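Since the structure comes first, as structure tokens, the remarks are kept for the end.
Protein chains: 4
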Amino acid sequence: MTVEERRRVKRLPREVRERQILDAAVRVFSERGYHEASMDEISDVAGVSKPMIYAYLGSKEDLFAACIHREATQLLAAVAAGVRPELPPDMQLWHGLAAFFEYVGTHRESWRVVHRQAITQGGPFSDELLAMRTQAITLVDTLLVRVATKEGLDGSSTESLAAALVGAAESLADWWLDRPEVPSRIVASRLMNLAWMGFGGLVNGSTWHPRET
Amino acid sequence: MTVEERRRVKRLPREVRERQILDAAVRVFSERGYHEASMDEISDVAGVSKPMIYAYLGSKEDLFAACIHREATQLLAAVAAGVRPELPPDMQLWHGLAAFFEYVGTHRESWRVVHRQAITQGGPFSDELLAMRTQAITLVDTLLVRVATKEGLDGSSTESLAAALVGAAESLADWWLDRPEVPSRIVASRLMNLAWMGFGGLVNGSTWHPRET
Amino acid sequence: MTVEERRRVKRLPREVRERQILDAAVRVFSERGYHEASMDEISDVAGVSKPMIYAYLGSKEDLFAACIHREATQLLAAVAAGVRPELPPDMQLWHGLAAFFEYVGTHRESWRVVHRQAITQGGPFSDELLAMRTQAITLVDTLLVRVATKEGLDGSSTESLAAALVGAAESLADWWLDRPEVPSRIVASRLMNLAWMGFGGLVNGSTWHPRET
Amino acid sequence: MTVEERRRVKRLPREVRERQILDAAVRVFSERGYHEASMDEISDVAGVSKPMIYAYLGSKEDLFAACIHREATQLLAAVAAGVRPELPPDMQLWHGLAAFFEYVGTHRESWRVVHRQAITQGGPFSDELLAMRTQAITLVDTLLVRVATKEGLDGSSTESLAAALVGAAESLADWWLDRPEVPSRIVASRLMNLAWMGFGGLVNGSTWHPRET
DNA sequence: CATGAATGAGCGTTCATTCAT
DNA sequence: GATGAATGAACGCTCATTCAT
Chain A
0 MTVEERRRVK
10 RLPREVRERQ
20 ILDAAVRVFS
30 ERGYHEASMD
40 EISDVAGVSK
50 PMIYAYLGSK
60 EDLFAACIHR
70 EATQLLAAVA
80 AGVRPELPPD
90 MQLWHGLAAF
100 FEYVGTHRES
110 WRVVHRQAIT
120 QGGPFSDELL
130 AMRTQAITLV
140 DTLLVRVATK
150 EGLDGSSTES
160 LAAALVGAAE
170 SLADWWLDRP
180 EVPSRIVASR
190 LMNLAWMGFG
200 GLVNGSTWHP
210 RET
Chain B
0 MTVEERRRVK
10 RLPREVRERQ
20 ILDAAVRVFS
30 ERGYHEASMD
40 EISDVAGVSK
50 PMIYAYLGSK
60 EDLFAACIHR
70 EATQLLAAVA
80 AGVRPELPPD
90 MQLWHGLAAF
100 FEYVGTHRES
110 WRVVHRQAIT
120 QGGPFSDELL
130 AMRTQAITLV
140 DTLLVRVATK
150 EGLDGSSTES
160 LAAALVGAAE
170 SLADWWLDRP
180 EVPSRIVASR
190 LMNLAWMGFG
200 GLVNGSTWHP
210 RET
Chain C
0 MTVEERRRVK
10 RLPREVRERQ
20 ILDAAVRVFS
30 ERGYHEASMD
40 EISDVAGVSK
50 PMIYAYLGSK
60 EDLFAACIHR
70 EATQLLAAVA
80 AGVRPELPPD
90 MQLWHGLAAF
100 FEYVGTHRES
110 WRVVHRQAIT
120 QGGPFSDELL
130 AMRTQAITLV
140 DTLLVRVATK
150 EGLDGSSTES
160 LAAALVGAAE
170 SLADWWLDRP
180 EVPSRIVASR
190 LMNLAWMGFG
200 GLVNGSTWHP
210 RET
Chain D
0 MTVEERRRVK
10 RLPREVRERQ
20 ILDAAVRVFS
30 ERGYHEASMD
40 EISDVAGVSK
50 PMIYAYLGSK
60 EDLFAACIHR
70 EATQLLAAVA
80 AGVRPELPPD
90 MQLWHGLAAF
100 FEYVGTHRES
110 WRVVHRQAIT
120 QGGPFSDELL
130 AMRTQAITLV
140 DTLLVRVATK
150 EGLDGSSTES
160 LAAALVGAAE
170 SLADWWLDRP
180 EVPSRIVASR
190 LMNLAWMGFG
200 GLVNGSTWHP
210 RET
């Protein structure tokens with residue numbers, strides 16, 4: 000019995016198959032995009048017949064949502080693991096950013112699916128993604144608020160700043176995806192500087208305003 | 000139908016027809032996304048038969064590329080018009096950002112096509128988009144370099160900062176698209192503050208570095 | 000240019016194509032039944048590609064409904080044409096029945112689709128069929144009522160008798176379908192006798208009742 | 000799972016399992032129709048895994064044929080039980096009809112499967128059904144022949160009359176299925192009157208013939 | 001010039017059926 | 001004996017694209 004035959008014949012437990020399918024789906028969705036991806040290719044890559052996909056993960060939409068959910072959860076977990084609460088705020092932010100870019104760098108497919116694809120598909124996908132994003136923003140906001148209140152800054156605009164920071168990180172990650180030669184530390188450090196200095200300025204009260212010209 | 004009657008039906012010059020088609024295509028692509036958009040609907044909205052579209056603008060891909068090109072060119076022109084070279088650098092940046100958000104706010108369909116759609120479709124579309132982006136980055140880089148060299152900062156990393164800024168602007172615009180209640184000035188001002196403060200820090204040489212923990 | 004090529008190339012007007020498609024659909028539905036019939040086969044038989052069917056007649060359900068409607072209408076028209084109002088009631092009934100069996104005998108496929116298939120498919124098809132049946136029953140009822148009132152019979156149960164007669168005719172036609180050797184006149188005459196004698200008995204007041212045993 | 004435990008799970012004898020499966024199949028076929036019924040649902044309703052069904056009853060077709068056979072046999076038995084040979088012919092017919100409608104009324108699912116479903120599916124099912132029908136026609140024919148010969152009527156057309164009667168009964172039952180408010184006795188009585196009066200006319204020699212118009 | 005008519009090719013989905021366990 | 005796991009094959013439907021008119 001050859002290895003190939005063995006593969007075709009073995010009856011794997013559902014859990015294993017589901018992982019195989021999700022792995023394949025992430026890869027194909029990442030490479031082709033949601034619409035260009037065909038269930039046929041996914042089933043080929045997964046080494047499983049199409050009916051299995053439908054039996055275990057449901058429709059194409061369901062499958063895509065499952066991908067986003069799994070990958071986004073992993074990403075968020077990686078970032079959260081990087082942030083250690085006993086450190087001072089700036090170091091927390093730094094470690095969070097470093098973990099984020101580290102993860103994106105080592106899981107490019109994952110990121111492509113979660114961000115590039117999910118963001119443009121309306122409906123149920125956005126919801127899944129939105130929830131994750133909200134969590135990320137909350138994470139950052141918590142940090143900023145701690146600094147801001149200490150320093151006496153009005154806490155009202157921290158959330159929008161957090162949103163901008165998350166957005167900037169996403170955007171930078173997207174930009175970085177096409178430049179594999181830059182080390183993740185460098186990218187993280189650039190954003191950290193921009194963010195911390197900019198935020199520092201706001202905390203000091205030295206805001207910029209347009210002058211009359 | 001006699002020759003006489005034939006002459007009476009609208010027989011518009013090619014240029015006008017092309018504009019009609021492109022307008023319709025931008026609208027439909029923006030509403031439905033690239034893949035959900037059907038040539039049938041575009042031809043309906045344009046009030047032109049499908050063979051006309053193929054004759055004038057080529058395949059669906061060609062049509063989409065043409066949309067991106069036209070809209071991106073307009074956007075870039077609007078931003079460039081905002082930047083007035085006789086002003087000091089910070090005011091140039093400010094007017095550029097203001098013009099950008101102003102344009103995005105008043106041409107939401109256009110932006111949806113150019114950014115949200117184009118970014119997720121691989122292949123030929125990215126090229127069109129990439130070229131425009133490079134122009135934008137160059138525009139900003141020119142500004143930064145002028146300040147940086149004046150102040151003695153090493154000019155090596157200005158380009159990546161410019162890229163980060165452009166990326167942040169794009170991301171923020173995307174975020175803003177779903178929040179029509181925020182005035183464009185406010186959004187522009189937030190990004191301006193973050194950018195200018197952060198950049199100012201770098202110029203001063205007061206960079207942030209991770210400490211040992 | 001061969002005949003075949005000519006057929007592939009000719010652009011026929013919509014109306015003609017629709018008839019072709021409906022003809023093919025009636026044939027295939029009649030032979031295979033609704034569920035076993037495939038759109039592929041119908042398109043093959045019609046000598047048209049599948050997209051044409053969807054463009055002109057809509058979904059499989061729509062197509063089936065269109066078949067029923069067309070065939071049922073024709074059948075009813077044939078029967079109505081047979082009934083001549085200037086004749087006495089029994090001759091009207093006779094000509095109606097004769098026309099009915101004549102039609103069924105010469106349009107077996109049509110009848111199979113209208114009755115055998117439509118009757119067992121729920122939903123929208125039944126409605127179409129029900130409407131036709133109601134018309135048929137009304138037609139018969141009108142006849143019976145005229146006789147019944149003349150003779151003084153209570154007209155309350157004529158409708159159910161009409162329903163029974165229509166049902167018996169349908170059933171007899173179904174039975175007859177598998178016995179092509181029997182002439183249509185004979186079948187019609189048998190039902191006519193059963194009906195007229197039975198109805199005559201009722202009119203005379205000589206009804207049958209179960210006796211105690 | 001130990002040998003001990005295995006023995007405790009329900010390990011019913013084949014006969015019982017088959018009945019379970021057939022019961023479930025009749026229910027599902029009756030509700031959904033042959034094609035809409037899925038083996039999955041049947042196995043669910045039966046509380047048995049799909050491979051069991053295939054092991055015991057064979058393919059879907061086989062299963063359906065088994066359903067028809069069982070139900071049709073029951074129906075015929077019920078009718079035959081109603082007919083008591085010691086009674087006069089008209090009372091025999093009456094009791095047969097009454098038993099028929101009584102059975103259909105109390106076993107609607109059964110009837111739906113036997114008649115409505117089986118009649119529209121070609122091939123093997125018709126055979127099963129045809130055999131049963133032939134038996135029913137023979138049953139009625141026997142009755143009619145006895146009367147007819149006694150009275151001197153030519154016996155040649157009794158079979159077709161019997162067929163018409165059986166067909167009318169089937170059709171009336173089908174019509175009645177959707178009108179549960181009518182009592183079975185009424186329906187039976189209507190058909191009995193129509194049949195007996197009509198048949199009586201023939202026996203008397205007072206047949207109807209079309210006149211010249 | 002302009003279009004209604006026409007299609008090849010492919011997609012998402014389902015289902016009866018069969019093994020390995 | 002009994003089942004979860006697995007699939008081949010087909011079906012309904014759509015869409016970008018192209019001719020004949």
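Chains as they are written, first to last, in numbering that gives the first Met the number 0: chain A, 0 to 212; chain B, 0 to 212; chain C, 0 to 212; chain D, 0 to 212.
Backbone N, C-alpha and C define an ideal beta-carbon position, used for all residues, glycine too.
Just so we're clear, the structure is a prediction, and the values are computed from it rather than from any experiment.
Asked                                                                                                                                            : Found
Any chain A beta carbon closer than 8 angstroms to Trp-110 of chain B                                                                            : no
Min CB distance Pro-88 of chain C to chain D below 8 angstroms                                                                                   : no
Separation of Glu-35 of chain C from Asp-43 of chain C, as counted between CA atoms                                                              : 15 angstroms
is_contact[His-34 of chain A, chain B] using C-beta, thresh 8 angstroms                                                                          : yes
Given Leu-56 of chain C as reference, the closest of C:His-94, C:Glu-14, C:Met-191 once Cα atoms are compared                                    : C:Glu-14
Own chain partners of His-208 of chain D with C-beta closer than 6 angstroms, once the 5 adjacent residues on each side are dropped              : none
Arg-6 of chain B to Pro-12 of chain B span [Cα, whole Å]                                                                                         : Its pLDDT being 47, under 50, Arg-6 of chain B is placed unreliably in this model, and the value from its coordinates should be taken loosely. Cα to Cα, Arg-6 of chain B sits roughly 13 angstroms from Pro-12 of chain B.
Closest residue to Leu-129 of chain C among C:Leu-62, C:Ala-162, C:Leu-86 (Cα-Cα distance)                                                       : C:Ala-162
Inter-residue Cα distance where the pair is Gln-73 of chain D and Trp-93 of chain D                                                              : 19 angstroms
Residue-level contact to chain D via CB, Gln-116 of chain C, 8 angstroms cutoff                                                                  : yes
Under the three-state DSSP convention, the category Trp-207 of chain B falls into                                                                : coil
The alpha helix (DSSP H) enclosing Gly-46 of chain A, as first and last residue numbers                                                          : No alpha helix (DSSP H) contains Gly-46 of chain A, which DSSP labels as neither H nor E.
Segment contact flag, the segment 90-105 of chain D with the segment 56-65 of chain D, C-beta cutoff 8 angstroms, min 3 pairs                    : no
Residue-chain proximity (Asp-126 of chain C, chain D), Cβ-Cβ < 8 angstroms                                                                       : no
Coarse secondary structure for Leu-96 of chain B, derived from DSSP in three states                                                              : helix
Contact set between Ser-170 of chain C and chain D, taken where Cβ atoms lie within less than 7 angstroms                                        : Gly-166, Ala-167, Glu-169, Ser-170
Boundaries (first-last residue) of the alpha helix (DSSP H) holding Ala-80 of chain D                                                            : 59-81
Beta-carbon contacts of Ile-118 of chain A that lie in its chain and below 7 angstroms, excluding the five residues immediately before and after : Leu-128
Neighbour flag for Ser-183 of chain B against chain A, beta carbons, 8 angstroms                                                                 : no
Interface flag, Pro-12 of chain C vs chain D, CB-CB below 8 angstroms                                                                            : no
Where Ala-161 of chain C meets chain D, residues with beta-carbon distance less than 9 angstroms                                                 : Ordered by position in chain D, no residue passes the 9 angstroms Cβ test against Ala-161 of chain C, which lies about 11 angstroms from the chain.
Minimum Cβ-Cβ distance from Leu-193 of chain B to chain A less than 8 angstroms                                                                  : yes
Leu-142 of chain D - DSSP class collapsed to helix/strand/coil                                                                                   : helix
Buried versus exposed, by CB contacts within 10 Å (16 or more), Ser-188 of chain C                                                               : buried
Rounded straight-line distance, which links the Cα of Ser-37 of chain C to that of Ala-76 of chain B                                             : 56 angstroms
Given 8 angstroms, three or more beta-carbon pairs between the segment 175-185 of chain C and the segment 167-175 of chain D                     : no
Alpha-carbon to alpha-carbon, Leu-190 of chain B and Val-146 of chain B                                                                          : 18 angstroms
Same chain only: Cβ atoms within 6 angstroms of Val-103 of chain B, ignoring 5 sequence neighbours per side                                      : Trp-110, Ala-172
Boundaries (first-last residue) of the alpha helix (DSSP H) holding Val-15 of chain D                                                            : 13-31
Of the listed residues A:Asp-39, A:Gly-32, A:Asp-61, A:Ala-135, nearest to Ala-80 of chain A (C-alpha basis)                                     : A:Ala-135
Any chain D beta carbon closer than 8 angstroms to Thr-119 of chain C                                                                            : yes
Alpha-carbon spacing of Arg-83 of chain B relative to Glu-70 of chain B, whole angstroms                                                         : 22 angstroms
Interface flag, Arg-189 of chain D vs chain C, CB-CB below 8 angstroms                                                                           : yes
Residue range of the unbroken alpha helix (DSSP H) whose run includes Ser-109 of chain C                                                         : 107-110
Chain-ordered chain B contacts of Arg-210 of chain A [CB-CB under 8 angstroms]                                                                   : Met-90
C-beta neighbour in chain D for Met-38 of chain C, strict 8 angstroms                                                                            : no
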